[in-house]
Amino acid sequence: MFEITWGMPVVIYLFLAGLGAGSFCLGALTSRKSGPGWEYCSRVAFLLAPPAIAIGLLMLILDLGYKTRFWRVLTVLNPGSPMSVGVWLLCGFLFISILCAIFWLPVSARRQIPWIGRLSIWNQEKWSRRFAIMGIPFALGVSVYTGVLLSATVIPLWRNMSLPVLFFFSALSLGIESGAVLGIASLNKGDGEAMKQPLRFLRRSNRVILPLYLLAALLFVFSLAVSSHSKTAAYHLMTGWSGFAWWIGVIGLGIILPLVMVIRKESKRYAWIFSSCLLLGDFLLRLVLVLEGQAAM
Numbered sequence: 013m014f015e016i017t018w019g020m021p022v023v024i025y026l027f028l029a030g031l032g033a034g035s036f037c038l039g040a041l042t043s044r045k046s047g048p049g050w051e052y053c054s055r056v057a058f059l060l061a062p063p064a065i066a067i068g069l070l071m072l073i074l075d076l077g078y079k080t081r082f083w084r085v086l087t088v089l090n091p092g093s094p095m096s097v098g099v100w101l102l103c104g105f106l107f108i109s110i111l112c113a114i115f116w117l118p119v120s121a122r123r124q125i126p127w128i129g130r131l132s133i134w135n136q137e138k139w140s141r142r143f144a145i146m147g148i149p150f151a152l153g154v155s156v157y158t159g160v161l162l163s164a165t166v167i168p169l170w171r172n173m174s175l176p177v178l179f180f181f182s183a184l185s186l187g188i189e190s191g192a193v194l195g196i197a198s199l200n201k202g203d204g205e206a207m208k209q210p211l212r213f214l215r216r217s218n219r220v221i222l223p224l225y226l227l228a229a230l231l232f233v234f235s236l237a238v239s240s241h242s243k244t245a246a247y248h249l250m251t252g253w254s255g256f257a258w259w260i261g262v263i264g265l266g267i268i269l270p271l272v273m274v275i276r277k278e279s280k281r282y283a284w285i286f287s288s289c290l291l292l293g294d295f296l297l298r299l300v301l302v303l304e305g306q307a308a309m
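Those letters in the sequence shown? Residues 13 to 309, per this note's numbering, in order.
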């Protein structure tokens with residue numbers, strides 16, 4: 013028997029951090045384009061990022077042994093500690109993602125925000141774009157940090173420099189797809205023409221991201237298998253329940269099936285299936301790595 017130190021709250025945190033980072037990147041990209049379809053995608057992507065990061069942070073706090081002492085992490089920045097840097101990075105990203113989200117709120121809802129809701133800055137598009145550009149390094153940092161946090165430990169399955177790369181492409185595919193599909197779904201049935209350009213963007217981007225995601229996943233397995241200190245961990249990952257979840261869930265349903273789908277079709281109904289596969293695969297990726305990493309200790 014083994015003791016699970018990091019449980020489901022950490023899995024949910026890793027998943028939501030990737031979702032928030034990826035959706036913010038989508039918002040930053042699509043906000044530079046004009047048209048109702050792009051506008052819907054941008055609004056949903058920017059509004060999705062803050063709650064995803066906030067709930068992820070809450071999951072992280074709930075998993076701590078001393079929950080009421082979480083604030084002490086913010087009293088000092090230790091550059092040598094991945095946890096310290098990560099918490100500051102998450103809080104900084106949460107702050108700037110909230111600012112960007114305010115720009116995309118309906119005017120009536122924005123004016124209800126105390127003290128700052130009626131400021132004229134929210135009506136200036138140039139500031140919306142500036143905040144989006146400022147937030148991109150934070151979003152990219154968060155997407156990589158979740159993998160760095162695990163790779164900085166002594167656990168053989170996690171102590172692998174290819175893990176941050178794997179988490180980066182996972183977060184990018186997850187956030188971009190979720191934000192875009194929710195944005196497209198919010199369009200009215202009569203806005204079919206507005207969907208075409210965002211859907212083409214999805215296909216083009218995923219034709220690049222998904223092969224790189226697959227390559228990163230295979231590189232992660234290969235690097236585990238050839239390393240003397242992680243061969244046993246690689247064997248445990250590839251067999252049993254974790255092997256089934258990895259090859260069928262993460263690789264099959266989460267990467268290869270969406271890649272086949274994105275090459276062949278382009279429709280609103282198909283986009284939901286595509287997004288569901290990515291969501292399932294990305295969640296299973298974090299679930300398998302967190303639980304199996306501790307089991308193989």
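Beta carbons: idealized from backbone N, C-alpha and C, even for Gly.
Assigned secondary structure, residue i (DSSP; H/G/I helix, E/B strand, else coil)
i: TRP138; result: Correcting the residue identity first, residue 138 is Lys in this sequence and not Trp. In the structure shown, LYS138 sits in a helix (DSSP, three-state: H, G or I).
i: GLN306; result: helix
i: LYS45; result: coil
i: VAL97; result: helix
i: HIS248; result: helix
i: ARG130; result: coil
i: SER242; result: coil
i: VAL166; result: coil
i: ILE73; result: helix
i: GLY187; result: helix
i: ILE268; result: helix
i: GLY19; result: coil
Status (buried if at least 16 other CB within 10 Å, exposed otherwise) for residue i
i: TRP50; result: buried
i: CYS19; result: Here residue 19 turns out to be Gly, not Cys, going by the sequence shown. It is exposed - the Cβ of GLY19 has fewer than 16 other Cβ atoms within 10 Å.
i: TRP284; result: exposed
i: ILE125; result: exposed
i: VAL238; result: exposed
i: ALA121; result: exposed
i: ILE114; result: buried
i: ILE145; result: exposed
i: GLY264; result: exposed
i: ILE221; result: buried
i: PHE256; result: exposed
i: ILE267; result: buried
i: PHE14; result: Residue confidence for PHE14 is low, a pLDDT of 43 falling below 50, so the modelled location carries little weight; the figure read from the coordinates is stated next. PHE14 is exposed by the Cβ-count criterion.
i: ILE188; result: buried
Of the listed residues the options, nearest to residue i (C-alpha basis)
i: PHE180; options: ILE268, TYR157, ARG44; result: TYR157
i: ILE128; options: SER140, LEU111, ARG141; result: LEU111
i: LEU224; options: GLY187, LEU178, ILE260; result: LEU178
i: GLY147; options: ILE67, PHE256, LEU41; result: LEU41
i: MET173; options: SER163, PHE107, ILE263; result: SER163
i: PRO118; options: ALA245, PRO63, ILE108, ARG130; result: ARG130
i: MET250; options: GLU304, CYS103, SER182; result: GLU304
i: ILE67; options: GLY30, ARG44, TRP258, SER43; result: GLY30
i: HIS248; options: PRO176, GLN209, TRP170, GLU189; result: TRP170
i: TRP139; options: GLN209, SER182, ILE108, MET273; result: ILE108
i: LEU101; options: SER155, LEU222, VAL274, PHE143; result: SER155
i: LYS208; options: PRO48, TYR25, ALA245; result: PRO48
C-alpha gap between residue i and residue j, whole angstroms
i: GLY252; j: LEU297; result: 15 Å
i: SER288; j: LEU301; result: 20 Å
i: SER46; j: ARG141; result: 13 Å
i: LEU184; j: ARG123; result: 32 Å
i: TYR52; j: ASP294; result: 24 Å
i: LEU271; j: PRO168; result: 30 Å
i: TYR282; j: PHE213; result: 15 Å
i: LEU226; j: VAL233; result: 11 Å
i: PHE27; j: VAL97; result: 19 Å
i: LEU60; j: LEU211; result: 19 Å
i: SER240; j: ALA228; result: 20 Å
i: GLY242; j: GLN306; result: The question names Gly, yet the displayed sequence has Ser at residue 242. SER242 and GLN306: Cα-Cα distance of roughly 13 Å.
i: VAL166; j: VAL23; result: 19 Å
i: GLY39; j: ALA64; result: 14 Å
i: PRO176; j: ARG44; result: 28 Å
Cutoff 8 Å: residue i Cβ touching any chain C Cβ
i: LEU162; result: As a matter of chain content, chain C is missing from the structure shown, which is built from one protein chain.
Original post:
Using 8 Å as the Cβ pair cut-off and three pairs as the minimum, do the segment 213-227 and the segment 56-69 touch?
Top reply: no
Subject >> Touching by the beta-carbon criterion (3+ pairs, under 8 Å), the segment 116-134 and the segment 69-76 >> reply: no
**OP:** Could you tell me whether the segment 23-42 touches the segment 136-156, where touching means 3 or more Cβ pairs closer than 8 Å?
**Re:** yes
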